[in-house]
Amino acid sequence: PYLHNGSVPTLRDLLNPPNERPQTFHRGYDIYDPVKVGFQEPTPRPIGPDGVMEQRYFLYDTQRKGDGNGGHLYGTTLSPEEKEQLLEYLKTL
Numbered sequence: 005p006y007l008h009n010g011s012v013p014t015l016r017d018l019l020n021p022p023n024e025r026p027q028t029f030h031r032g033y034d035i036y037d038p039v040k041v042g043f044q045e046p047t048p049r050p051i052g053p054d055g056v057m058e059q060r061y062f063l064y065d066t067q068r069k070g071d072g073n074g075g076h077l078y079g080t081t082l083s084p085e086e087k088e089q090l091l092e093y094l095k096t097l
């Protein structure tokens with residue numbers, strides 16, 4: 005995840021304006037997403053017989069104090085094509 009508090013799950017999300025970034029996402033499923041350059045969102049798991057999810061992940065909520073994903077606007081005004089070109093370049097570093 006990106007930013008000082010890990011509030012943006014992928015570089016692709018970081019190139020969107022803050023109001024278009026995910027407000028919530030799950031952590032703990034550290035499978036790399038080479039397309040979006042970050043972690044994949046885990047597939048929802050069925051609830052077990054005790055009523056608890058079989059595999060637990062941390063729900064990151066950007067609405068909690070200190071967990072916001074605002075600011076850092078560089079790249080947010082690029083065209084979709086320019087964003088894809090920038091992501092492809094960053095993958096080479």
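Reading the sequence shown from the start, the letters are residues 5 to 97 in our numbering.
For every residue, glycine included, the Cβ atom is placed at its ideal position computed from N, Cα and C.
Quick caveat: nothing in here was measured; it's all calculated off a predicted structure.
Bounding residues of the alpha helix (DSSP H) (the contiguous stretch that carries residue i)
i	result
Arg68	Looking at the DSSP string, Arg68 is not in any alpha helix (DSSP H), and its letter there is neither H nor E.
Arg31	Counting along the chain, Arg31 falls outside any alpha helix (DSSP H), though it belongs to the beta strand (DSSP E) covering Thr28 to Arg31.
Pro84	Pro84 to Lys95
Arg16	Leu15 to Leu18
Proximal residues to residue i (C-beta, below 8 Å), its chain only, five neighbours per side dropped
i	result
His30	Glu45, Pro46, Tyr61, Phe62, Leu63 and Tyr64
Whole-angstrom C-beta distance between residue j and residue i, which should lie under 8 Å
i	j	result
Lys87	Val41	Going by Cβ atoms, the distance from Lys87 to Val41 rounds to 11 Å, so no, they are not a contact pair.
Thr28	Thr66	7 Å
Close-in-space but distant-in-sequence residues of the same chain around residue i (CB under 7 Å, 5 per side omitted)
i	result
Gly74	Pro22
Leu91	Leu15, Arg16 and Val41
Arg25	Val12, Asp17 and Asn73
> Taking one C-beta from the region 76–83 and one from the region 18–28 each time, how about it: are there three or more such pairs within less than 8 Å?
Replying inline: In the pairwise beta carbon analysis, the region 76–83 is classified as touching the region 18–28: at least three pairs are separated by under 8 Å.
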